[in-house]
Each structure stands twice: as C-alpha cells, then as structure tokens.
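>
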Amino acid sequence: MGFAGWRRRWWRRWAAERSGGGSWSGWRPGAGASCGGECGPEPGRSPRDPPQPPGWGSRGCRERAGGVRQRRVLCVHPPCRDGQDDEQPETEASSKDGCESRPSPKELEELELLNRALEKALRVRKSISKTPLEAQVALAEKPTGEGSAFENASEQQVPVSGRDVPVSREARAVSKKPASMKKPSPYQLRAPYRTDPDVKKTQRRAPARCVSQGPRTAGKSSSKGAVSRQGKSHRPASSASDQGVCAATELQNAPGSSKSALKEQQSSIRDSSGEGNLVAAGRQLIDAGKKSCGSHGESSRKENPTAEGGSTSPRTVTIQQQGCQLKLPHPYRKAYSRNCRAWERSRLCQTSADAAAARKRFTERIQTTFCSPMPALSPVEIEEELKVLQDIPSLLSQYVEAEPADHPTLQREYESLLTLEGLQSTVSQCLRKLQLLQAAVESQKRLHPDCTGDVGSCCPACVPARGRACGGAGTLAVPLLWYSSFQELRDLFALKLQVSMLHQEIALQKLTMTELLPVLESEACPEASAAQLYRAIYTQLCEGGKRFPVLVRDELAD
Amino acid sequence: MVRKGPGSAAGRAGAMPGGRALPGAVGALCRAMPPRARLVPEGLRRAKLDRPQATLDFWRLLYALLKQIHGGKWSEADAIDTQIRFVKLALWYQGYGRPELYRLPSDGSAGSRELLLAFSWLLHRISLLEQLLARNRVRTGDETSVCMCEDDLSQSEQGTTEIAPEYGPEDRVDVRYLQWLNGRLRFQWRSLHAQHQEQCKLLHKIHLLTSGSHVDQILGHFSVTEMDLIRQTENYKQLVQLLERETMQLEAFLEWKQLEPVYWQWMETVLDNMAEEGNMCKPQDAHIEKSSLPKVTSCCPWADSLTGQINKLSRDLMALRDQLHELVTHRKSAWEEKPAERRRLISLQRQFPAGPCEPVLLRVRGLGKEATSEMLELGDEAKSLGAHVKDDREGSPRALVVPSNEAVKCQIKIGWEINVTKTHLKGKS
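Those protein sequences? They're chains A and B, same order as listed. Read in order, the letters of the first sequence correspond to residues 136 to 693 in this note's numbering. Read in order, the letters of the second sequence correspond to residues 8 to 436 in this note's numbering.
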C-alpha cells in the first residue's frame, strides 16, 4: 500500500471521528499509544513501508542492542540444590494425588522386567558401533516381549485407557526413586553422535519437530513461576512431557489425551520429586522413557519409513538432562585447550626491558621528525578527554544541589562552605581544560590531511572513533562475567536494553526538540488544528508520546 | 632460524645489528598478523630500501589493519585512493605527525619507507598486535558487552536522512505520522525486549544444564556454540581450524615478544639511512614544506562536532560557575557574621585530624596570671563533650580535662590566650 495509501486511510478515519459534532473525543488519553500499538503488529505493513527511518528506528535498535563484544558470560552457581522443595508446591496447582498411591505389585513386576530389558539394551548398544539400527530393532522386539504389560499399555496407550500410561509412568517414578541403583549413568551420549552418521541424520530431523514442542512446553512449565531454582524441576517435567508428546504423536494417537498425559506427568514428577534427588529421578525416568521411545522409534521406523525421527527427539531432550555428562568432541577439545593456554601465556607475557628501551628510542627519534609545533594531544586523546568531561556538569550540579541550605551546627556550615568552594575550583579547572582542548582541536584541524573542500571524504574516516572498543587498548584478557542466578542474567539483558533505549530516547528528544519547537513559533496553522498541533507536540516532547492530554474547548457564554 | 633469502639480502643491504635474529623477529611479526592482512618479510625489506613496488602492498596492509582497529567494514576491492585517504586520516587521528607521509601520492607509487616507519610507529603506539589479536579473537563462548558508551545518533552517517522520501520540501509533515512512528518504535523495543528475555532464558538453560562438562574448569559449562557443536559436529570443522590458526598466531606473537629488540634496532637504522639522505636533500625540501602548510580546513566536520561539544560543556560549566559563585558569596557572608572566636576555633579544628577521644590535659595559662575558674569558661558544647576543670595539686584550676580533639572546642573568654599543650593522660582521670 505504501505510505501514501496509509496516510489516506488515516485521514479518512480522522475525518470520521472529527465529524462527530466537533467533539474532541477522537483522541483519548492513550489513544496515541493504542494507535501505535495497533499499527505495530499489522503484519503486512512492515516490509512494505517506506523506510521506517532506519537511523531512528529498527536499525538503530539492532545495532545497539545487538552488539556483542568481548565478554564471557558464565554461570558459577547453578542453584540446583537448594530451595527446590519450597517452590514445588506453589507452582502446579493441579497436583495429582495418584503418585501417593502405592503401585500395585503387578506394576512393580513389570517395571522390573522393563528395567532389565533396558539394561540389556544399553549394553548391546554400547558394544555395537556400526549397526545400531538392527541391534536396536532387535532389542525393540525383546522388551516388547518381556515387559509386555507396560509396552502394550503404552502402545495402545490412549484409546484404551489414558490413565495407564501416566499411572505406570508415575509409578515408575516413585518406585525408581527408592531403587536408584538402576541409574544408567554410564550411558554416554557421545557415541551415537560421533560415530554414527545414520543416527545423526534422524537426530537432525527430530529436533526440528521437538524443538517446536520443546520450547512450548518449556515455556509452559517455566511460565509457571519460573525462577532459576525451579528450572531444574521443570526440565524433567518438560522433557517427560516432550517425550510423552513425541511418543504419542509417533504412535499417532489422539493428541488430546496426550496432553492430559502430559499434564499428569508434569504434576506427578513434580510432586514425586519433591523429596530426594530430583536430578537422579528425572534422569532415570527420562532414560527409561527414552529407551522405550527409542525402541518405539526403531520399530516404527522399520515399519513406517516416513515417520519422522521421533526416536531421536527424546535424545535431544536428554541432552538437556544429561548435560552434565556431555563431552565435547575430541578435536575441538584439543584445539580449545591449546588455544586457551596460548592466550594465557600471551596475557602473562610482558615486554622485556630491552624491548621497552628499544621501542622508546625509536619512538622518540621518529617523533623528533614530526611537524615542529606538534599539538599536545592527538585527536584520539582529545576525544577521550572530552568523553571523560561529558558527565561532569551534571555530576557537579548534583553535588551542588546536595548541599543543604541551612545546617544544624556551625561546623557543618563551615564544611559545606568548603565543599562549595572546592566545587568552584573544580569547575574552573574543567573550564580551563576545555579551553586547552579547544586549542588542541584547532591545531589538529590545521594538520588535518586532505580536508580541502570535499566534505564527503572526511566523514567516513572521522567516524573511526565510534568503532573503537572502549576497553583498554591491547588488553589480551577477556574478563569473565559471572552471574549467580537466572534473575541476574535477565536483569543484565533487560538493563542493557533499557540503557540503549534511553540513549536513543535522549537523542530523539533532542532531535524532536530542534525540529518541532520552531513549528510552534513559526507560521500560524489554521485555528482549528492549532490545538491539536500543540497537543501532539506536547505529547511527543513532554510525555514521551505515551499520554495525551484531553483538550477541552471552553466556550464562554455571552 | 636464519633463513636464506631475506637474511642474505639484509646482509647485502648493509651490516646491521642482530643480523641473525632479525629474520626470526620479522618472521614472527608476519605470522602474528591477522590473516586478512598479509605481510611478508620480503615486503619489509623492500620497504626499508624504499622500493616503489612495495608501496601498494604496504598501503593495503595499513588499510586492512587500521580498518580492523576502527571496526569498520572494508574489502580488498576498495579503490586505492580511498584506501590511501583512509590510512592518512587514521594516522592523523592517532597523532602521527610526519609530514612526508601525508604528502605521498595517492596512487601508491612511492613511499614504502615512510609507510614502514608509520607501521612501526603504530606497532608501538597503539599496541597494534595486541589490539588485533584481541579484536579478532575466535569466539567460542557466550559474550556480551558491558560497555555503556553511547553512540551518538546525530553523528551516524547515512541513516538519518532516509525519512519519508515521499515528502517534498513543500509538503507539511503530519505530526501524527511522528506519533505513529513513535508508537511503532516503542513496540519494536518491547518485542526486542521479549526476545532478549527468551534468549536469556535459553542461555541460562544451557549454562545450567551443562555445568561441569567443559574442559575448561573455570568456565565449567558450555556455550551456545559448543552446544550446537555437540549436536552437529561437522558444521564446526571450520571453528576448530580457526582455533588452531589463532593458536599459531599467538605462538608467533610470543616469539615476537622475545625477539622484538632486534626489530626496533633495525628500524633505527632505517631512520639513520633517512637522516643521511635527508642531509643531502634538505635545502630542496624546505620550501616544499612551507608551501604545503596553508590548509583551508573550514569544513572539517570532526573539528566542528568537537567544538560543538566543547561549547556546550563550557556553557553548562559557566552556568554552574555563576550559580556557585552566587551561592558561595552568600554563604560566606553568612559565615562572616558568626562570632569570630567560634569561627577561629572551628577552622582550627580542621587542622586536627580526627582521632580517638582520649582525655587530654590542657594546661591553661593566663597571661602571667593564674587561671581561675571564671577564666576558664566552658561553653555548653565543650561541657557536653565531657570537658571539666580539674584542680591541680595546688588547688588552682589550671588544668582542663577534655576529650582530645574536642579540646579546641573549648570556648575561652576574649582576651585570654589559651596555651594548649596536649598531654595525653594515661588512664582515667
């Protein structure tokens, strides 16, 4: 539609509102905001619009907010051990009491069988490097044979009885927890990823599916009062639910019931893991579930080649669970350690005395050949000094404001007087410094090469200052930024964004002031629209475009 | 580590100190350079001999290095005169003052020795190697900047003039367009915020779940890149190669740090050569130098913007100065109205640094008279601090016992000198 068409629409709407008897109700407080808000999400508009001024709008945002430089972010205290228990009961209202019930002996038996089968699967998997598929498929038959009750239940899961699965799963959770020796901790995820390209292929397909579900469920679970401490508790929930979802979809069962299974699982796991080792329980649960899913995956893949790699989707999730056991690939590890050590040595390396002396000699000699009245400060130094001075006036006026008008004792009064005198001398020092800087600018301007008439050529090279990282020059150390909780990280991101936004707002405010205020003072607008103009400018400049004052026409009755 | 080619060539060009170690130093320097800025030892040697063929390469090298330092975008296909202009400006910006360099022709036909000098000066002045290494560091981790520097919007080059091209100069801008834009902008910020929070959440997830798995014990957990590396190892072969190359670069850097005195001595010989030649050509250059001085420089935007900033700061500071002046005069006159001896005491007080409140015995001597209790008039303030008159052995109230630094707060009657000798009492009196 382009801008012109949009404008026409806008005018039509405005006219319609206006024609309602000369009332000003067309613009309610906050109307502007709502207009802005609703204009924002209009989908088709953004790509087609004439350049939303890139300098102002999105490009500016992107450059500033997206600039990443040289710091590392690091978690130092994964708060996974403390305080989980108190948060558990708060989160999920729908707690299922089923977990409190004792699992029946029959189910326990089934679980035993299942465990054994899965252990065997694990052993076989480890020993096979080339043909995991056939082996797993072969294995898939076995658990189906042995742990028949469970398998059948989960295969005919939903149509038969949606409750079987959650019950058995939660029962498994409960029973496994006290057992806890079945923890398949030697299971390494490394092998499949590196040595088996086939497995990797399916794995790649799966995440595309599971990722979409993953964040959703993760989002769901984490939206329920997500604090970092709960993070761990949510993850087993989300992964189990993922797994539940994947299994369900893979077996092509009704999704509705899988969702209920999902919720029940979430709640069951959350409740059951309230006590004891959450990680272990989660891991066991997921591994067992994963194996079952894996076996499902293999068998179904054998039958149905077009079924998407649901088998590997739990594997993606289990990365989350097995994160502590993941290992980087060997070539990378080697390269990384060597690189790290080289950096460390470089950082500690210092210029020898000989080298320093030699450098100094050379530099002094070459500087004698520079232009004779060399200004004291180079342009880069001038800019740095100026940057330091930028905040001084506001700081000093803050100090001045902070001095109270009267004082309880003579002593305080005297001290206040001394402070003010000190501030006075600081101000005069700064003024002197500014004069020096101005003189330096003048002398550097004289030396400026190539600045004869062609303005365009200066600009790109004069910008070099902006690109400089404001860390110290030549520091080879990249400081680690440690954060200790999720909230801190979030605050860091949010505050940085806010600073960028405020910088932009300040710049915009300056620009709009210089642009809009002359309009008020200049030529007369038609009387009818003058008030609107004033209001608009007032809103933009004084209220940040957020709040609109109500215009009331006060007509004097004669 | 003596290499045949450059080593013997350098020997031919004239004896220089450390002829053996020089190729090593130069080689290390070249290997420590970033990959996009190629430098060969042969190029350095030719530049010392001021060979014109080496000039273009040297300009390009300086261009690449300075662009990397200043963080701009560049490509090797940029025109040579653009490159030369940029290098000259950047060198001026850093404070390089050899006029000969600025007089070099912009087709890159001559001047390799000048460029060599400029290069070496940069090496020292801005720690070129270290900066390049730091800037080009291979990023394997999650990084964020904590720099709060404001990029001045009004100075950004091209973007600001692209507003609503459909407006001609006659058209009036509808203020509601501004409002719409403003709302849109706020919406964009909000969605950016939401996305950042989402990213932050996922980042935290990875950090949390992979803690303890990393090779590097200090880091402890994976970054996003490493996480992806595990899942799709084959996409990251290049990363491994980059790491290895950077390691080699760092090792070359360390080697260079060992050998660099030799290089600087070699550079001094370059200066020596130039000085010799310069003595011969001096009379010719003198008038050339003068003629190059007049510059119009009325249009330097850098200077203008800085001057603008300086003026603004000066205005603010002068306003503050006036305000302060008024305030201080007012306060001073109020202060002058206070009783003189109190003022003196308080200013005396400032000479005594604050110390522990040990009791102090003050011997008060009148002018030739013995102090009587009337003379020692303790003000309320002093009394509240615990000062009291202590009778001497003779019974005459000569001594004051006062908390130590509060001694000066004691009021004295006008006319009496107080001769204060502080004697710290041991124990309570």
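Note that CB positions come from ideal geometry on N, CA and C, so glycine has one too. Keep in mind that this is a model prediction, so the values were computed, not measured.
Is B/Arg53 near B/Gln60, with beta carbons less than 8 Å apart?
In contact: B/Arg53 and B/Gln60 (Cβ atoms closer than 8 Å).
> From the beta carbon of A/Gln644, is the nearest beta carbon of chain B less than 8 Å away?
Closer than 8 Å: no.
> Quick one: list the residues of chain A neighbouring B/Ser340, beta-carbon separation under 8 Å, in chain order.
Correct list: empty, because the minimum Cβ distance to chain A is about 11 Å.
> Go ahead and pull the three-state DSSP assignment for B/Trp196.
In this structure, B/Trp196 counts as helix in the three-state DSSP scheme.
> For a contact defined as C-beta to C-beta under 7 Å, what are the partners of A/Glu548 on chain B?
Residues of chain B passing the Cβ test: Trp342.
> Do the segment 521-539 of chain A and the segment 310-327 of chain B touch if we need at least three Cβ pairs shorter than 8 Å?
Touching, per the Cβ criterion.
> Could you say which of B/Leu124, B/Tyr100, B/Ala44 and B/Leu63 lies nearest to B/Ser82 if we only look at CA atoms?
Out of B/Leu124, B/Tyr100, B/Ala44 and B/Leu63, B/Ala44 has the C-alpha closest to the C-alpha of B/Ser82.
> Given a threshold of 16 other Cβ atoms within 10 Å of its Cβ, counted over all protein chains shown, does B/Asp279 qualify as buried or as exposed?
B/Asp279 comes out exposed.
> What is the DSSP secondary structure of B/Trp99, counted as helix, strand or coil?
If DSSP states are grouped into helix, strand and coil, B/Trp99 belongs with the helices.
> Can you tell me whether B/Val180 is buried or exposed, with buried defined as 16 or more other CB within 10 angstroms of its CB?
Exposed.
> Measure the C-alpha to C-alpha separation of A/Gln579 and A/Pro510 and round it to an integer number of angstroms.
Cα-Cα distance, rounded: 7 Å.
> Considering only DSSP beta bridges, list what A/Leu611 is partnered with.
Paired residue(s): none; A/Leu611 is not in a bridge.
> Please tell me whether, using a cut-off of 7 Å, the distance from the CB of B/Leu188 to the nearest non-hydrogen atom of the ligand NAP is below it.
For the ligand NAP, the structure offers nothing, since it holds no ligand at all.
> B/Glu241 lies in the alpha helix (DSSP H); which residues open and close that run?
Where B/Glu241 is concerned, there is no enclosing alpha helix (DSSP H), given that its DSSP letter is neither H nor E.
> Taking only the alpha-carbon atoms, compute the straight-line gap between B/Thr62 and B/Ser116 and give it to the nearest angstrom.
In a straight line, the C-alpha of B/Thr62 is about 6 Å away from that of B/Ser116.
> Whose C-beta lies closer than 6 Å to the C-beta of B/Ile87 among residues of the same chain, with five residues either side of it excluded?
Cβ neighbours of B/Ile87 beyond the five flanking positions: Gly115.
> Have a look at B/Met255, B/Met281 and B/Leu124 and flag the residue whose alpha-carbon is nearest the alpha-carbon of A/Thr498.
Nearest of B/Met255, B/Met281 and B/Leu124 to A/Thr498, Cα basis: B/Leu124.
> Please tell me whether B/Ser274 has its Cβ less than 8 Å away from any Cβ of chain A.
Looking at the sequence provided, one finds Met at residue 274 of chain B rather than Ser. Yes, contact with chain A.
> Thinking B/His200 and A/Ala629 are a contact (beta carbons under 8 Å), I'd like their distance in whole angstroms, please.
Yes, they are in contact, since the Cβ atoms of B/His200 and A/Ala629 sit about 7 Å apart, within 8 Å.
> By Cβ distance, which residues of its chain are closer than 7 Å to A/Arg547, with the 5 residues on each side in sequence left out?
Around A/Arg547: no qualifying Cβ.
> A/Ser635: which of B/Trp196, B/Pro106 and B/Leu140 sits nearest, CA to CA?
Nearest C-alpha to A/Ser635: B/Trp196.
> Output the distance between the C-alpha atoms of B/Met255 and A/Leu572, rounded to the nearest integer angstrom.
Answer to the nearest angstrom: the Cα atoms are 43 Å apart.
> Closer than 8 Å, CB to CB, is B/Trp66 near chain A or not?
Answer no: the Cβ-Cβ gap between B/Trp66 and chain A never drops below 8 Å.
> Applying a beta-carbon distance threshold of less than 8 Å, which residues of chain B neighbour A/Thr498?
Those are Trp128, His131 and Arg132, listed as they occur along chain B.
> I want to see whether chain B comes within less than 8 Å of A/Asp689, judged by CB atoms only; does it?
Not one chain B Cβ lies under 8 Å of A/Asp689.
> So, under 8 Å CB-CB, B/Leu334 and A/Leu555 are touching, yes? Tell me the CB distance rounded to an integer number of Å.
6 Å between Cβ atoms; contact.
> Give the residues of chain B in contact with A/Glu556, contact being defined as C-beta atoms less than 7 Å apart.
Val335, listed in chain order.
> Using the three-state DSSP reduction, which class does B/Leu139 fall into: helix, strand or coil?
Helix, per DSSP.
> So, does the segment 471-479 of chain A touch the segment 97-115 of chain B, judging by three or more C-beta pairs under 8 Å?
Not touching, per the Cβ criterion.
> Helix, strand or coil: how does DSSP classify A/Leu463 here?
The answer is coil: DSSP assigns A/Leu463 none of H, G, I, E or B.
> Residues of the segment 69-90 of chain B with a CB closer than 7 Å to any CB of chain A: list them in chain order, please.
Answer set for the segment 69-90 of chain B: His77, Gly78 and Gly79.
> For B/Gln245, would you say it is in contact with chain A, using Cβ-to-Cβ distances shorter than 8 Å as the test?
With 8 Å as the cut-off, B/Gln245 does not count as an interface residue toward chain A.
> Name the chain B residues whose beta carbon is nearer than 8 Å to that of A/Tyr471?
What A/Tyr471 touches in chain B: Thr147, Val222, Asp223 and Leu250.
> List the residues that DSSP assigns as beta-bridge partners of B/Leu334.
DSSP output for B/Leu334 lists no bridge partner at all.
> Mind checking whether A/Leu651 and A/Gln675 have CB atoms under 8 Å apart?
In contact: A/Leu651 and A/Gln675 (Cβ atoms closer than 8 Å).
> Can you give the Cα-Cα distance for A/Leu686 and B/Ser312, rounded to whole angstroms?
So the two alpha carbons sit approximately 41 Å from each other.
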